[in-house]
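Have a look at the structure below before the remarks.
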Amino acid sequence: MIQTRSRVLEHVPLAEKTYRIRLSAPTIAAKILPGQFLMLKLPGLNDPLLGRPFAVYDVDFEQQAIDVVYLVIGKMTTLLQEISPGQELEIWGPLGNGFPELSPGPEAIFVAGGIGQTPFLAYAHQLLGTKGFGGRAAKRVIDKVTLYYGVRNKNLLAGVSDFEKAGVQVKVASDDGSVGYHGLVTGLLEQDPPKAPIITCGPEPMLKAVSKLAEKYGVPCYVSLETPMACGFGACFSCVTAVKTPEGVDYKRVCIDGPVFEASKLVWGH
1 MIQTRSRVLE
11 HVPLAEKTYR
21 IRLSAPTIAA
31 KILPGQFLML
41 KLPGLNDPLL
51 GRPFAVYDVD
61 FEQQAIDVVY
71 LVIGKMTTLL
81 QEISPGQELE
91 IWGPLGNGFP
101 ELSPGPEAIF
111 VAGGIGQTPF
121 LAYAHQLLGT
131 KGFGGRAAKR
141 VIDKVTLYYG
151 VRNKNLLAGV
161 SDFEKAGVQV
171 KVASDDGSVG
181 YHGLVTGLLE
191 QDPPKAPIIT
201 CGPEPMLKAV
211 SKLAEKYGVP
221 CYVSLETPMA
231 CGFGACFSCV
241 TAVKTPEGVD
251 YKRVCIDGPV
261 FEASKLVWGH
């Protein structure tokens with residue numbers, strides 16, 4: 001883990017209350033893998049006192065920078081939206097275990113709800129071979145990546161064009177029917193029963209439902225948890241989740257044992 005101050009290079013809106021911020025971080029950008037995350041903190045402020053976790057959205061290797069996408073939902077992100085290019089943030093990372101290295105195959109399926117699409121752009125680049133991460137050469141391992149993306153309404157759709165430019169097929173569901181399929185993203189997924197590995201991120205009820213669908217159709221499923229964290233590197237034990245073990249149930253720290261887990265090993269509701 002590297003802790004440093006990072007200069008903001010870009011800060012642009014993507015959707016309603018949703019922004020992409022680009023941070024100059026050459027050393028972290030060279031190491032970070034899709035599915036890992038950063039902790040960000042506003043320098044000089046004691047409220048909020050602690051940092052907050054943010055998934056890596058993408059890496060710009062020319063600028064040696066990391067993109068983060070966030071939704072304004074609390075004190076930290078309300079203050080973060082006021083940050084301008086040229087200002088600095090405190091950051092530490094890379095953190096977490098990242099997404100699995102899938103075996104070569106015809107397709108991978110991403111399922112996102114709310115702001116859960118944010119870890120998937122870098123992973124799409126990795127799987128489709130358009131970018132290499134962590135010092136590794138780019139290598140295509142998946143022929144097709146499909147993103148099933150659920151939002152409350154069309155105003156909250158963020159980054160669809162980024163995924164499409166990366167070569168991802170995007171299928172959208174909205175709770176109010178204002179865009180795409182009218183209903184839950186799991187309903188959209190079941191219209192074409194999955195036959196490929198599923199990777200999912202979003203609210204816990206959606207993750208549980210996607211996990212059950214994966215079990216129903218007999219496909220592997222990996223879950224990226226959005227658990228609140230205080231430190232990000234395993235010292236505070238504030239982000240534990242229940243995981244099945246041969247002995248019963250154990251509690252794993254999401255920040256270092258996750259945030260990505262095999263869905264079949266999670267104990268929902270703990």
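The numbering of the sequence shown is full-length UniProt numbering, which starts it at 1 and goes up by one.
We treat Cβ as the ideally placed atom computed from N, Cα and C, and that holds for glycine.
Asked	Found
Start and end residues, alpha helix (DSSP H) containing A214	E204 to Y217
3 or more residues per run - each beta strand (DSSP E) lying fully within the region 158-209	169-174 and 198-201
Residue burial classification, G114 (beta-carbon count within 10 angstroms, cutoff 16)	buried
Option in T146, P220 and F54 with minimal Cα separation from V185	T146
Range covered by the alpha helix (DSSP H) that runs through T227	Element bounds for T227: n/a, residue is neither H nor E.
Within 9 Å, strictly: CB atoms of L188 and A173	yes
Endpoints, alpha helix (DSSP H) assigned at I256	V254 to D257
Length of the line joining the Cα atoms of L89 and D47	14 Å
Pair within 9 Å by beta-carbon distance, M76 and L38	no
Option in P100, G74, K165 and T227 with minimal Cα separation from L207	T227
Local Cβ density within 10 Å of D176, reported as buried at 16 or more and exposed below that	exposed
Beta-carbon spacing of A122, V56 below 9 Å	yes
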